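**Q** Pasting a structure here, questions to come.
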Amino acid sequence: MNIVIWGSRGSIPSPGFTTIRYGGESTCIEVRGDEGEVIIIDAGSGIRKLGEKLLKEPSVLKINLLFTHSHWDHLSGFPFFRPAYFSKFTFALCGGSEAQKSVLDYLSHQMDPPYFPVSFSELKAKFLSGCNCNNPICNHSLCYSGASLKCEAIPLNHPNGGFGFKLSDKSGSFVFLTDNEIRYAHDGGATREEYLAFCRNADLLFHDAQYSEHEYKKTRGWGHSTFLDAIDLAIDAGVKRLGLFHHDPDRTDDQLDQQMEWCVKYIKEKGSPLDCFACAEGMSLIV
Ligand SMILES: [Zn+2]
Ligand SMILES: [Zn+2]
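For the sequence shown, our numbering begins at -15 and goes up steadily by one.
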């Protein structure tokens, strides 16, 4: 599968001179399966530019939209996602079993007056609500496309809940865990042991790493992890490549570079072969 990052910023889009290299768009990930499946994870501001690209690909008509949760930085790009305005597109929406019925609500509510000038009812695309599976944790929203990818979900440790996803095929696995606070127990969240099992031997993991240890003293309980937590989880789970994700909106490119120097040194000191990098807009990775 091929993974493209359209937005890796957390909390709020943060364009500007200090965020050019890693990007300022909020969460949006494009995954292409080997059989041509198109999966989009989250509709943060990054989905706008992805939409423009998809409009230039006549063969793409069915798209799976997976949502980690309903916070604005993961939804606010949707009204600007132009494929949603064309009747030729079909979107299968999924947000894990508990959110299954509400994903459509999240998307339409943010377009209700007086928040947005165009109402959801004016969108011409067809929206399918989830996959109607009976699994306690939804794991096959992708089945309608005859996909080569298997999708599993795990609850996030995050205020108001949410889901992380694992996409696997015969070549390997990609785990996406953002807005996940490993060191804190939020209602409905999984344990560190459960995250370890979920990420075990993953080829690629994107994990929330919004805060430094110093910052976390003031942000504990806000739903995000530190660089250290993300790296320790990846090392303990035997992950091959770790992309640090959900960059703080105030984190400049230079600060992130400095932070990455510390991360690489820490991984080396632990004697781990983990390949670690900071996710940046425009990155394309193969699993
Ligand atoms: Zn977020
Ligand atoms: Zn969130």
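Quick reminder that beta carbons are idealized off the backbone N, C-alpha and C, glycines included. Computed from a prediction, not measured in an experiment: that's the story for all the values here.
1) Can you check the segment 160 to 243 for any beta strand (DSSP E) of at least 3 residues that lies completely inside it and give the ranges in chain order?
2) State yes or no: is the C-beta of Asp163 nearer than 7 angstroms to some heavy atom of ligand 1?
3) Provide the residue(s) that pair with Gly156 in DSSP beta bridges, ordered along the chain.
4) Would you call Asn164 buried or exposed, if buried means 16 or more other Cβ atoms sit within 10 Å of its Cβ?
5) For a test of the three-state rule: what should DSSP assign to Leu258, helix, strand or coil?
6) List the endpoints of the continuous beta strand (DSSP E) containing Lys110.
7) So, with DSSP's three-state summary, where would you put Cys343?
8) What residue from Glu106, Pro67, Leu59 has the CA that sits closest to Gln94's CA?
9) Over what stretch of residues does the beta strand (DSSP E) that includes Leu50 continue unbroken?
10) For the putative contact between Ser(-8) and Glu265, defined by C-beta atoms under 8 angstroms, what is the C-beta separation to the nearest angstrom?
11) So is the beta-carbon of His170 under 7 angstroms away from any non-hydrogen atom of ligand 2?
12) Is the beta carbon of Ser71 closer than 8 angstroms to that of Ala109?
13) For ligand 1, I want to know if Asp57 counts as a neighbour, meaning its beta carbon is within less than 7 angstroms of at least one of the ligand's heavy atoms.
14) Cβ atoms of Gly173 and Asn141: under 8 angstroms apart, would you say?
15) Determine contact between the segment 209 to 226 and the segment 255 to 264, defined as no fewer than three beta-carbon pairs at a distance below 8 angstroms.
16) By Cβ distance, which residues of its chain are closer than 6 angstroms to Gly35, with the 5 residues on each side in sequence left out?
17) Do the segment 152 to 160 and the segment 185 to 198 touch if we need at least three Cβ pairs shorter than 8 angstroms?
18) Within 10 angstroms of its Cβ, does Asn48 collect 16 or more other Cβ (buried), or is it exposed?
19) With 16 as the cutoff for other CB atoms within 10 Å, does Thr3 come out buried or exposed?
20) What do you reckon, are the CB atoms on Ile(-4) and Pro233 nearer than 8 angstroms?
21) Using 7 angstroms as the cut-off, classify the Cβ of His142 as near or not near the heavy atoms of ligand 2, replying yes or no.
22) Tell me where the beta strand (DSSP E) around His77 begins and ends.
23) Just checking Gly145 against ligand 2 - is the residue's beta carbon closer than 7 angstroms to any of the ligand's heavy atoms?
24) In terms of residues, what are the limits of the alpha helix (DSSP H) holding Leu88?
25) Sorry if obvious, but does the Cβ on His53 come closer than 7 angstroms to a heavy atom of ligand 2?
**A** This is what the structure gives:
1) 188 to 192, 225 to 229
2) yes
3) Asp153
4) buried
5) coil
6) 110 to 113
7) Residue 343 lies beyond the stretch modelled for the chain, which goes from -15 to 271, so this question has no answer here.
8) Leu59
9) 46 to 50
10) 6 angstroms
11) no
12) yes
13) yes
14) yes
15) yes
16) Phe65, Arg66, Pro67
17) yes
18) buried
19) buried
20) yes
21) yes
22) The sequence shown places Leu at residue 77, not His. Leu77 -> beta strand (DSSP E) spans 74 to 78.
23) no
24) 87 to 93
25) yes
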